[in-house]
Structure formats: C-alpha cells, structure tokens
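To keep things clear, I will list the structure first and then write my remarks on it.
2 protein chains.
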Amino acid sequence: MKSKHTEPKTVTRPIRSTTEFARHVGLARTTVSRVLNGQPGLKKKTIDRVNRAIEETGFVPNAYALHLKGKRTQTVGVCVQNLSFPILVNKLASLQAKLRDREITTFIEVVDGDSCEGAVRNFLSLRVEAMVFLGYFDEKKIERQLQGLANNGTPSLVIDHFGIKGANTVTLDRARGMVAITEHLLDLGHRRFGLLGYSESFRSTHERTRGIREALEERGLDFDKCTENIDDQIVRTSDFEFGRALVRAFIERGRPPTAFIALNDVLAAGAIHGVRDMGFRVPEDFSVSGFNNQDICSMVVPNITSVDQRVDKTVQVAVDFVIAQMGKPLRAKPVVKMIDPLLIVRGSTGPARSR
Amino acid sequence: MKSKHTEPKTVTRPIRSTTEFARHVGLARTTVSRVLNGQPGLKKKTIDRVNRAIEETGFVPNAYALHLKGKRTQTVGVCVQNLSFPILVNKLASLQAKLRDREITTFIEVVDGDSCEGAVRNFLSLRVEAMVFLGYFDEKKIERQLQGLANNGTPSLVIDHFGIKGANTVTLDRARGMVAITEHLLDLGHRRFGLLGYSESFRSTHERTRGIREALEERGLDFDKCTENIDDQIVRTSDFEFGRALVRAFIERGRPPTAFIALNDVLAAGAIHGVRDMGFRVPEDFSVSGFNNQDICSMVVPNITSVDQRVDKTVQVAVDFVIAQMGKPLRAKPVVKMIDPLLIVRGSTGPARSR
DNA sequence: CGCGCAAACGGACAATTGTCTTTTTTTTAA
DNA sequence: TTAAAAAAAAGACAATTGTCCGTTTGCGCG
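Chains as they are written, first to last, in our numbering: chain W, 1 to 355; chain C, 1 to 355.
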C-alpha cells in the first residue's frame, strides 16, 4: 500500500512574503511580482510556473503592504445597528453581495447598542473608501461621526434612518407605505382603525403616523376620530404577545375598530391570534395589516397583508451611490433618496363587516 | 450673531499619515508615535496636546502600515454560509460581540452558495490569525480549504457542520437533542411519530435520525414501526406550507401518528396550522415538536416545544478555542466539541390521546 | 564563435509605522 | 548664569509590495 503519498511531506513553514514565495518557485521576487500584476514581457512558461506554485502553496500577497503602496483599498465599511431585525439582515447580506459583485470588500461591524465610534475608528484605520450606516442610531452620535468622516474626506451613506442632518440617505418612504395601507383599508370600507404599536417615539413612527393622517385627510376624514391607540393600557412584553393582548383589549372594551394597523408583521401576527382568541375571524370580522413583509407574513393563517421594503431596490440604489462616491472628493450637498414601498395584499385584509 | 464659528474653516485636506498629523500638531513624527504607543519619557503637556489634536482631527494611524511592521493583526475571518437562517445570524452576531470583547476584529464574508474560496483568499491576504466557518458548506470544498489553511499555519474552526475530516469543530449534539425530544414524547405516551422534513440528505439530518432511533431502541421500540415519513408525497414549497400540507396528508390518509416531530420550528408552525385546518387541536389531539427554538416558537399558539441550540454556550466555546489557537503553532490533532442541547417544553406537546 | 535580443535578475525607491540611537533643544536645579 | 537633566527632534532601519532601471543570462542565428 503506497497511498498517503499524494500530499508531500514538505511541512516547511508557511510562505508569507513574495520573497519567500519567489525563492520557493526559483525565480526573482520582481519577476514573480510582474506575473502577479500581469505585466508584459514574460514567457508563458514562467507565468504558468508561478500560477502552478500559487495553486500548490495557496500564496496570497500581503494586503497590508499592497494598500500601503498606495493601491486603492477597494473596501467599504458597514456599521449595522444589530442583527435582531430580519429585514436589516437581509439588507446587509444584499449589500455585501452587490458590493462583492463590483469587486469591493465589505467590512462589517455589528454595533448593537454601543456607539459606533469604535467601529468607525477601525474602518478609518483600514482606510475604507466609504462608510455605510445601516439601521437606526443615536442621532447626535451619528451626526458627530458623519461630521468626522466628512472632515476626513470619506464618503458616507445612511440607510433607513431618515432625517439625519447633512447625511446622504437612502430610505423607504414610510409615510407613503402607510398611505398605501390606509387607502387599501378605506377602499375596503373600513373607517375606524386600531393602531398597534404606534406609540414608540421613533422618527420612523412619526413618519408613518403622518402617512396615515394624510391618507385620511385626503378623503376628508379626521385622524383623531378615525384612529384609536391603546398601547399604554397594555404591558409590552414581546411584539407578538403585545399585538395579541392589544386586540383582545380592543374587543373586550366594546365597539372595536374594524381594522388593525400594526407597526410590524410580528405585531400583526399577534393581532391575528388575538382576534381568534376572542372567537372572531380574520378577515371576515376584522382586518389586520402588517409592515415590512417579513417571512412571518406567510407563516400565519391567513397570510398577512403588508408593505414590502423592496430591499433589493434600496440596496441597489445605495450601492450605486456609494460606488459613485468612492475615491472622489465629497459632494457639497447631501443626497436623499426615498424608495417607493410596495403594498402586498394578502388574506388578512378584507371588506369591512357592517356592524 | 457670531455663531457658526465653532467649527474652524480649515478645510485642509484630510490627514492621512503620522507625518502629516505631527506637522499639524507641531511635533516630530517620532514624538507623536511615542505618545500613540504610550512610551515613557514624555511630558504630560505634550501627551495632552497630541490627544487633543486626535480628538479634533479624528486621526487614526494606518492599520496597513501597523500590521506590516509585524504587529499582530488581532483579526479573525468568519465565513458564514448565509444569513437566511436566524439561528446562524444569532451565532454570527454573538461571535463578533464576544471577539470584540477580547479586542479582536472580526472580518465577515457571507458566502451564500459561492464556494468560500474567494473569502478565504481575502482573509489570508488580510493575514487573519484564525478563520471560522459558520454553517454548512460543501464538504469537499471545505476540506480543501482547511487543508490549505493548515499548510498556511492559520488555525481554523468549523461551527455547526459536524463530520468534516481533520476539522476543529464546535457543534450542537443534534442526536442528543433528538433523544431528548423523543424521550419527552415517549414519556407523554406517544408511540407513533410522524417525521416532518426528515428526508433531506444532509449530514445533520442523518445525525438527528440516529438520535430518534437510539431513543426508541433504548425503550425496546423499533424505529421503522414507530415512525412514518411521507415527505416525498408532498411538493415542497416553503417550510411552513410543507409542514402544513404534510400534516393534512397524514390525517387525511387515516390512522395518523399522535405526535409530529418537525425538522425545524417553521415546519412545526406549519404543522400546527395543518392540525387546525383539519379541525383538530394541538396538543389535545396531536403533539408537535420543533427544533432550534427560534422566535417563531413564541409566535404561534400554542407555543412550540423545541430544542434550544444554546447559541451563547456554543459561541463561547468557539471563541475560547479560537483565541487559544491564535498566534500559536497548529495543533496536531483536531478538536471536536459537542454542545449539549436544551429541551424547551412548551404548549405544543402534551399527553397522547388514546385512540 | 560572436552578435543581438528577449527574458530574467538584482538593486533601488516609495508607501507608513514603531522603535532605536544620536543629536539638539528646553527645562530645571544649583 | 551655568551645568545637568529631561524632553523633543532627527535620522535610520525594518516590515512587504509594486515599479523602475540597469545588468546579466540564455538562446537563436549568422
């Protein structure tokens, strides 16, 4: 048995520089370097020899020396708020994929509560050519960070968090999304709406409340008369249980609205279960809408009517912008791009039952 | 009004090297460097002057030059399979957080279908001190990559994917998880089980089937007599709909099992809806179990009995191992650490109804 | 055998940083 | 005011790579 002989016993220490690699191949360092960088005036045989050795040894030139030499780093740093929201994760994955397609390396830092200061420092130290902030951050802090980046000449972009001063921004037009939902429900004959989860004081919540208000006023309806919000009457645990408890409370107190507009899909899923708990049906007795069009929309019966964030479109716009800015002087005025949302009508909304 | 004067109009071009920075502060480069690296023999006033200038300008030394000089990179590269599975995302986030706590920078590449070759090359070029593979990959490819890393002297670790030759591995003991579930159901009086989603030919599925088999044989029961699998009779769309359709088919064909053991929580959620579709109740008429203990377990009524992966424990073990290996010669023999799973009993499992 | 040319070699430089040593300047103490 | 001590400056080197340039090698051809 003379197997086990394919792998050579050359347990020499790893090759860590072009010099060592060149010695291993039996060529001059400069010659190897010329091969690696595709310079002319080299015999095919030599080129093959080098490439074969690369195959064998897995040698990769040191990125640190490479970029030090002044070569563009072709890297982008991404600060992501956290990975608890599936929608953010989708955006992150899509972002890296699209940047990779353009031969750009993405560095990712999950910030999650910490200020992103450390992440930004790290990225700057790595001389990224642009920086992306994905999600919602402390406005004061992020504005300071962005200012620092501007002084530094590093282009930056904020995805999602709308309203940051001086920031290049790509974000879903959340107000418009709510207009779409509200109009959809109005068309179905609903006139009284229970808002689920709309008392958080985030900027995005304000934006979205504004959308509902606009859609109602467009039809001559009054926001305060048409909507009810009993968020503060329920102790909030998980989104699911919160939505469920809110709906039960709405029904128990009598004269409930005919449609529930939830802040997100999980709340909506809870709401659907709340309706069922009370012996009613969705959408025959009550309509329920979600937001974000997450997977859970299809994991509940009936499936949830929701607003899709158009992650792909959003990220595409973001990537195009970032790449256009890389390696160029900063723009004087910030760019804000709003992405049109997409209403996905499913089984959880239906005609209002006359009561 | 003499506001707007706080920010100096010095729109000089950004400072990109210690030399430029030193000029800006009015000190010698070497002095600044000594301050940055905390060397002794410096006046407090000078140190303060430098620190203040850092505050103002946001100057960060070039990481590329730093590491080139031979300083350890203190970086780890993580190849993650994809971000479609929430459980993987959790592990990834936890991994980066724990590594950051130890002052290690994590580079992340989401591979998603592509071979991870490119990612590995990129990491090697960045001279990471260790590499982690998170999730399931093509065995042949990953073995080749690991071999390459071994030649290179870079420690590596595989999380989740059990059974890769020569790989340091940290993984949930999936067989043991299934033993726990099966025993739990046996204790509740169940003797016939419907397996949902167990016909995929992944290594993890085999492991888990083995666990069920062992638990049954432990009580003198025969696997083939006690379990049924009708996966191939249903067209698989989403996991949710698949689980739902499977259960309906089980019930429609008559003489259904009393408990359904689903491959994951989404299948289990579908199964619960399937039971309800047919006019039965969970857990009174049928028990349903999931796996992974994802969020969805609490977003279904009744909540799903599942097996928790103990992400925190898993990642902690992984991080401890990785850190112990960094910057040291490779171990001769691979280390495999199995993590004990944790059965979480919730409302979806109950005593078997005698029929 | 000698010439010319292509190909490879070998040396040098630049990029930035930390560190070491030597020199100069500043501060402190007498 | 002067000498000593402390602090800062200045210069050099190493780390790795790409590139430039002059030199050497090898080969074919006459």
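C-beta: ideal position from N, C-alpha, C; glycine also.
Keep in mind the model is a prediction, meaning the values are calculated, not measured.
Expected contact under 8 Å - CB spacing of residue i and residue j to nearest Å
i: Ala268 (chain W); j: Ile304 (chain W); result: 5 Å
i: Val76 (chain W); j: Leu99 (chain W); result: 6 Å
i: Leu68 (chain C); j: Tyr64 (chain W); result: 5 Å
i: Glu143 (chain W); j: Ile159 (chain W); result: Their Cβ separation, rounded to whole angstroms, is 16 Å, which puts Glu143 (chain W) and Ile159 (chain W) out of contact at 8 Å.
i: Val110 (chain C); j: Thr314 (chain C); result: That belief does not hold up - the Cβ atoms of Val110 (chain C) and Thr314 (chain C) are roughly 19 Å apart, past 8 Å.
i: Glu129 (chain W); j: Gly327 (chain W); result: 6 Å
i: Thr18 (chain C); j: Arg29 (chain C); result: 5 Å
i: Pro302 (chain W); j: Gly189 (chain W); result: No, Pro302 (chain W) and Gly189 (chain W) are not in contact; Cβ-Cβ is about 18 Å, not under 8 Å.
i: Ser287 (chain C); j: Leu185 (chain C); result: 6 Å
i: Arg248 (chain W); j: Asp277 (chain W); result: 6 Å
i: Cys79 (chain C); j: Leu134 (chain C); result: 7 Å
Per-residue burial, residue i [other beta carbons within 10 Å of its own, 16 or more giving buried]
i: Ser354 (chain W); result: exposed
i: Glu217 (chain C); result: exposed
i: Glu241 (chain W); result: buried
i: Glu200 (chain C); result: exposed
i: Gln309 (chain W); result: buried
i: Thr237 (chain C); result: exposed
i: Gly243 (chain C); result: buried
i: Glu55 (chain C); result: exposed
i: Arg52 (chain C); result: exposed
i: Val300 (chain C); result: buried
i: Ala324 (chain C); result: exposed
i: Phe21 (chain C); result: buried
i: Gly290 (chain C); result: buried
i: Asp48 (chain W); result: exposed
i: Ala332 (chain W); result: exposed
i: Val50 (chain W); result: buried
i: Pro257 (chain C); result: buried
i: Gly70 (chain W); result: exposed
i: Ser3 (chain C); result: Caution is warranted here: a pLDDT of 38 is assigned to Ser3 (chain C), below 50, making its placement in the model unreliable, and the coordinate value is therefore given only provisionally. Ser3 (chain C) should be labelled exposed.
i: Phe107 (chain W); result: buried
i: Gln39 (chain W); result: exposed
i: Asp224 (chain W); result: exposed
i: Pro282 (chain C); result: According to the sequence provided, residue 282 (chain C) is Val. The question's Pro does not apply to it. Burial call: buried.
i: Phe202 (chain W); result: exposed
i: Val322 (chain W); result: buried
i: Gln81 (chain C); result: buried
i: Asp239 (chain C); result: buried
Proximity test, residue i beta-carbon vs the ligand MG heavy atom, cut-off 7 Å
i: Asn168 (chain C); result: The ligand MG is absent from the structure shown, which contains no ligands of any kind.
Interface positions of the stretch 91 to 115 of chain W facing chain C (Cβ-Cβ less than 9 Å), listed along the chain: Residues Leu92, Ala93, Gln96, Ala97, Arg100, Thr105, Thr106, Phe107, Ile108, Glu109, Val110, Asp112, Asp114.
The stretch 83 to 96 of chain W contacting the stretch 280 to 297 of chain W, beta-carbon criterion three pairs below 8 Å: Result yes; three or more Cβ-Cβ pairs closer than 8 Å.
Inter-stretch contact (C-beta, 8 Å, three-pair minimum) for the stretch 173 to 180 of chain W and the stretch 334 to 341 of chain W: A contact exists between the stretch 173 to 180 of chain W and the stretch 334 to 341 of chain W.
Three CB pairs or more closer than 8 Å across the stretch 262 to 280 of chain W and the stretch 203 to 213 of chain C: By the Cβ criterion, the stretch 262 to 280 of chain W is not in contact with the stretch 203 to 213 of chain C, since fewer than three pairs of Cβ atoms, one from each stretch, lie closer than 8 Å.
Cβ pair count under 8 Å reaching 3, the stretch 254 to 265 of chain W against the stretch 195 to 211 of chain W: The stretch 254 to 265 of chain W is in contact with the stretch 195 to 211 of chain W.
Any 3 or more C-beta pairs closer than 8 Å across the stretch 109 to 117 of chain W and the stretch 48 to 64 of chain W: No, the stretch 109 to 117 of chain W is not in contact with the stretch 48 to 64 of chain W.
Ranges of the alpha helix (DSSP H) found wholly within the stretch 181 to 266 of chain C, counting only runs of at least 4: Taking only runs of at least 4 residues, the alpha helix (DSSP H) segments lying wholly in the stretch 181 to 266 of chain C are 203 to 218, 223 to 226, 239 to 252.
Residues from the stretch 255 to 284 of chain C in contact with chain W, defined by Cβ distance under 9 Å: Under the 9 Å Cβ criterion, the stretch 255 to 284 of chain C contributes Val266, Ala269, Gly270, His273, Arg276, Asp277.
Continuous alpha helix (DSSP H) assignments of at least 4 residues falling wholly in the stretch 39 to 107 of chain W: Segments of the alpha helix (DSSP H) lying fully in the stretch 39 to 107 of chain W: 44 to 57, 63 to 68, 86 to 101.
Against chain C: residues of the stretch 150 to 170 of chain W by CB proximity under 7 Å: Flagged, chain order: Asn151, Asn152, Gly153.
Proximal residues, the stretch 286 to 311 of chain C versus chain W, C-beta separation under 9 Å: Under the 9 Å Cβ criterion, the stretch 286 to 311 of chain C contributes Asp295, Ile296, Ser298, Met299, Val300, Val301.
Interface residues of the stretch 126 to 141 of chain W facing chain C [CB-CB below 7 Å]: Correct list: Leu126, Arg127.
Contact residues within the stretch 234 to 255 of chain W, judged by C-beta distance below 7 Å to chain C: Residues Ser238, Phe240.
Residues of the stretch 50 to 62 of chain C whose Cβ lies closer than 8 Å to any Cβ of chain W, in chain order: For the stretch 50 to 62 of chain C, the residues whose beta carbon sits under 8 Å from a beta carbon of chain W are, in order, Thr57, Gly58, Val60, Pro61, Asn62.
Cβ-based contacts, 8 Å cut-off: residues of the stretch 314 to 332 of chain C near chain W: The residues in question: there are none.
Any alpha helix (DSSP H) of 4 or more consecutive residues that is wholly inside the stretch 104 to 155 of chain C: When DSSP assignments are scanned along the stretch 104 to 155 of chain C, the uninterrupted stretches of alpha helix (DSSP H) that are 4 or more residues long and fall wholly within it turn out to be 117 to 125, 139 to 152.
Residues of the stretch 185 to 209 of chain C whose Cβ lies closer than 7 Å to any Cβ of chain W, in chain order: Those would be none; no residue qualifies.
Residues from the stretch 78 to 92 of chain C in contact with chain W, defined by Cβ distance under 9 Å: If the cut-off is 9 Å between Cβ atoms, the stretch 78 to 92 of chain C has Asn82, Leu83, Ser84, Pro86, Val89, Asn90, Leu92 near chain W.
Complete runs of the beta strand (DSSP E) confined to the stretch 251 to 339 of chain C [at least 3 residues]: DSSP runs (the beta strand (DSSP E)) wholly in the stretch 251 to 339 of chain C: 259 to 262, 287 to 289, 306 to 308, 336 to 339.
Residues in the stretch 13 to 26 of chain W having any Cβ partner in chain C nearer than 9 Å: Here the close residues are Arg13, Pro14, Ile15, Arg16.
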